[in-house]
Amino acid sequence: SESVKLGETVRISCKTSYSISDRTLYWYQQKAANRPRHLLWFDSDTSKHQGAGVPNRFSGSKDSPNNVGYLTIKGALLEDDADYYCAIYHPPSSSLHSGVLL
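Note that UniProt numbering gives residue 81 to position 81 of the sequence shown, counting from 1, and the numbers run on in steps of one.
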């Protein structure tokens with residue numbers, strides 16, 4: 001888990017054992033007793049998509065050479081208190097790689 005102050009910018013990392021350079025990275029938010037909410041998917045700066053109703057203070061990025069994906073949350077709010085999960089689409093199945101509690 002991470003301790004975050006309100007208003008801070010937070011970057012959550014997701015290290016995988018797969019090459020992510022040509023893979024889609026998905027991020028999900030899950031609050032207690034709720035199903036996961038799709039936040040966004042990210043291929044590249046020119047190929048990305050925000051989930052329905054997700055503010056643009058949530059953004060994705062990649063460090064492809066090191067197989068690390070990132071979720072950045074700008075201006076953390078109380079409502080961002082949740083678990084965050086990344087998933088990589090790796091045919092023939094999708095794999096869940098990490099979760100971070102904020």
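Glycine included, each C-beta is placed from N, C-alpha and C at the ideal position.
**Asked** Which term fits Y18, buried or exposed, when burial requires 16 or more other beta carbons within 10 angstroms of its beta carbon?
**Response** The residue given as residue 18 occupies position 18 in the sequence shown. Exposed.
**Request:** Would you check if the segment 70 to 77 and the segment 4 to 19 touch, i.e. whether three or more CB-CB distances between them fall below 8 Å?
**Result:** With contact defined as three or more Cβ pairs closer than 8 Å, the segment 4 to 19 and the segment 70 to 77 are in contact.
**Message:** Bridge partners for residue 104 per DSSP, in chain order?
**Reply:** This structure does not reach residue 104, given that the chain is present from 1 up to 102, and the question cannot be answered.
**Item:** Exposure label - R23; buried when at least 16 CB within 10 Å
**Value:** Sequence index remark: in the sequence shown, residue 23 carries index 23 (1-based). R23 comes out buried.
**Request:** State the Cα-Cα distance for the pair residue 105 and L39, rounded to the nearest angstrom.
**Result:** With the chain covering only 1 through 102, there is no way to say anything about residue 105.
**Cβ neighbour criterion (16 or more within 10 Å) applied to G69** = On the sequence shown, residue 69 is found 69 positions in, with the first residue counted as 1. Buried, since its Cβ has 16 or more Cβ neighbours within 10 Å.
**Continuous beta strand (DSSP E) stretch holding L39: start and end** = Reading the sequence shown from its first residue, position 39 is the one you call residue 39. Note, L39: beta strand (DSSP E), 37 to 44.
**Request:** State buried or exposed for G53, treating a residue as buried only when at least 16 other CB atoms are found within 10 Å of its CB.
**Result:** Within the sequence shown, residue 53 is the residue found at index 53, counting from 1. So G53 ends up on the exposed side.
**Request:** Please state whether DSSP places S47 in a helix, a strand or coil.
**Result:** Working through the sequence shown from its first residue, we reach residue 47 at position 47. In the three-state DSSP reduction, S47 falls in the strand class (E or B).
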